[in-house]
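If you read the sequence shown in my numbering, its first letter stands for residue 257, the second for the next number, and so on.
All C-beta atoms, glycine included, are put in the ideal place defined by N, C-alpha and C.
Contents: one structure, followed by commentary.
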Amino acid sequence: MSASNQPASSVASVYNYGSINIDHVYRVPHLVRPGETLSSTDYQIVLGGKGANQTIALARAGGRVAHWGQLGRADEWALETLRDAGADIDDVAVLEGSSGHTVIQVDDEGENAIVLFGGTNQSFTPERLDELLTGADSGGWLLLQNECNAVEAVIQKALARGLKVAFNPAPMTPAIRKLPLTELSLLFVNRGEAAALVDIDEQSNADTLIKALQTALPGVDIVLTLGAEGAWRIDGEHNEPLYQPARPVQAVDTTGAGDTFIGYYMAALQADHDANTCLARATAAAALAVQHPGAATGIPTVEEVEAFLQIADQSE
Ligand code: RIB
257 MSASNQPASS
267 VASVYNYGSI
277 NIDHVYRVPH
287 LVRPGETLSS
297 TDYQIVLGGK
307 GANQTIALAR
317 AGGRVAHWGQ
327 LGRADEWALE
337 TLRDAGADID
347 DVAVLEGSSG
357 HTVIQVDDEG
367 ENAIVLFGGT
377 NQSFTPERLD
387 ELLTGADSGG
397 WLLLQNECNA
407 VEAVIQKALA
417 RGLKVAFNPA
427 PMTPAIRKLP
437 LTELSLLFVN
447 RGEAAALVDI
457 DEQSNADTLI
467 KALQTALPGV
477 DIVLTLGAEG
487 AWRIDGEHNE
497 PLYQPARPVQ
507 AVDTTGAGDT
517 FIGYYMAALQ
527 ADHDANTCLA
537 RATAAAALAV
547 QHPGAATGIP
557 TVEEVEAFLQ
567 IADQSE
């Protein structure tokens, strides 16, 4: 680990097999409608990608994380944000192709719509995966999302090596349901992902979603995030689910809020905090993130999260 804010090496490493995107973010009065031409009021090019965002959040939370990624040479500048956050980027390969990138609209309510091009996130070779996995500490965690290729192969290789696997099936695709999900140690899902995974109505209440997830994935710890309705941690041992209400804030941009939650949750888990603390820290971090524009740019520091939690605790 090259970064100065990494904790002692006795903690389990987290290897994040994650996308790196260049986000082209357009501020718009409303999300564009079919056939409409809409002027944007602001335009920014920033680092994003569910993978990179989660790595940055984990590192800013004080966690120990190595990012396994790929990006195009023209976008090497984006690595600075990962490095500055304190992530280990020794295993980020710089390639000749186009980086993953997105076109993101953010409206006046802070809601977004995203078009994604996979680029170099989709060109991991079997040889590169073997190399990454062979170098991994078997007592560690593999964290991954669904923006890189070979998701199933990476999960299988990580399991075979003895790593625990934490998976965030975003963006959700039909192929996800065929993955060895019952072998996961931890699954992060939002409402839409949960409903698609267990094939029930997205408008189902939390109780119905939780029961369906427990039935489909026995033994897997699951974190279900429901935005303004809070977050649940469902125990693979069938203990009573834990609930964390959302922190009411004025959202400016929700892009990357889920990634911030996951990074902070993983860092708290890595630091051996109990599940209630993991949920509380992750929820606070996400609440801060939505108050700032941009995905990676909106991810708070650990000091900001701790100050926010202190103020929130005092006012309860
Ligand atoms: O979760 C937010 C991220 O999704 C953005 O940064 C964008 O790159 C897309 O991958």
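Next on the checklist: What would DSSP say about Ile567, mapped onto helix, strand or coil?
Outcome noted: helix
Checklist entry - By DSSP, does Arg384 sit in helix, in strand, or in coil? => result helix
Checklist entry - Roughly how many angstroms lie between the CA atoms of Gly418 and Pro290, to the nearest whole one? => result 48 Å
Checklist entry - So, using beta-carbon positions, are Leu314 and Met522 closer together than 8 Å? => result yes
Item to check | Where Val359 sits in the DSSP three-state scheme | outcome: strand
Next on the checklist: Threshold first: 3 residues or longer. Then list the beta strand (DSSP E) segments lying entirely within the stretch 419-462, N to C.
Outcome noted: 420-423, 442-446
Checklist entry - Is there contact here, the stretch 375-385 with the stretch 351-365, by at least three beta-carbon pairs under 8 Å? => result yes
Next on the checklist: Measuring only the C-alpha atoms, how far is Ala524 from Glu292?
Outcome noted: 44 Å
Checklist entry - Got a sec, what are the start and stop residues for the alpha helix (DSSP H) Thr481 sits in? => result Thr481 -> not in any alpha helix (DSSP H); beta strand (DSSP E) instead, spanning 477-481.
Item to check | Rounded straight-line distance, which links the Cα of Arg537 to that of Leu294 | outcome: 38 Å
Checklist entry - What residue from His286, Leu327, Val505 has the CA that sits closest to His363's CA? => result Note that residue 363 is Asp in the sequence shown here, rather than His. That would be His286, whose Cα lies nearest to the Cα of Asp363.
Checklist entry - Nearest-angstrom Cα distance between Leu372 and Val359? => result 7 Å
Next on the checklist: Could you compute how far the alpha carbon of Ala540 sits from the alpha carbon of Phe564?
Outcome noted: 7 Å
Checklist entry - Ser355: beta carbon under 7 Å from a heavy atom of ligand 1? => result no
Next on the checklist: With a threshold of 8 Å on Cβ separation, who are the neighbours of Asn261 within its own chain once the five nearest residues in sequence on each side are excluded?
Outcome noted: Residue confidence is low: Asn261 scores 46 on pLDDT, short of 50, so the model does not pin down where it sits. No coordinate-derived value is stated.
Checklist entry - With a Cβ-Cβ cutoff of 8 Å, do Gly492 and Asp515 count as a contact? => result no
Next on the checklist: Just verifying my parser: in three-state terms, what is the DSSP assignment at Ala369?
Outcome noted: strand
Checklist entry - Which residues in the same chain as Gln547 place their Cβ atom closer than 8 Å to its Cβ, once the five residues preceding and following it in sequence are excluded? => result Val505, Gln506, Ala507, Val508, Gly554
Item to check | Near ligand 1: Asp509 beta-carbon under 7 Å from a heavy atom | outcome: no
Item to check | Ala542 versus Glu496, Asn309, Ala527, residue with shortest Cα-Cα distance | outcome: Asn309
Next on the checklist: Contact defined as beta carbons within less than 8 Å: I believe Thr311 pairs with His323. What is the distance between those atoms, to the nearest angstrom?
Outcome noted: 4 Å
Checklist entry - Nearest CA to the CA of Arg447: which residue from Gln459, Leu437, Gln526, Ala409? => result Gln459
Next on the checklist: Out of Ala551, Thr557, Leu327, which one is the CA nearest neighbour of Ala369?
Outcome noted: Ala551
Item to check | Cut-off 6 Å between Cβ atoms - residues of its own chain near Arg283, not counting five sequence neighbours on either side | outcome: Ser296, Thr297, Asp298, Val362
Checklist entry - Which residues in the same chain as Met257 place their Cβ atom closer than 7 Å to its Cβ, once the five residues preceding and following it in sequence are excluded? => result Interpretation of Met257 is limited by its pLDDT of 38, a score under 50 that renders its predicted location unreliable; the figure taken from the coordinates is listed afterwards. Same-chain partners within the cutoff: Arg320, Asp344.
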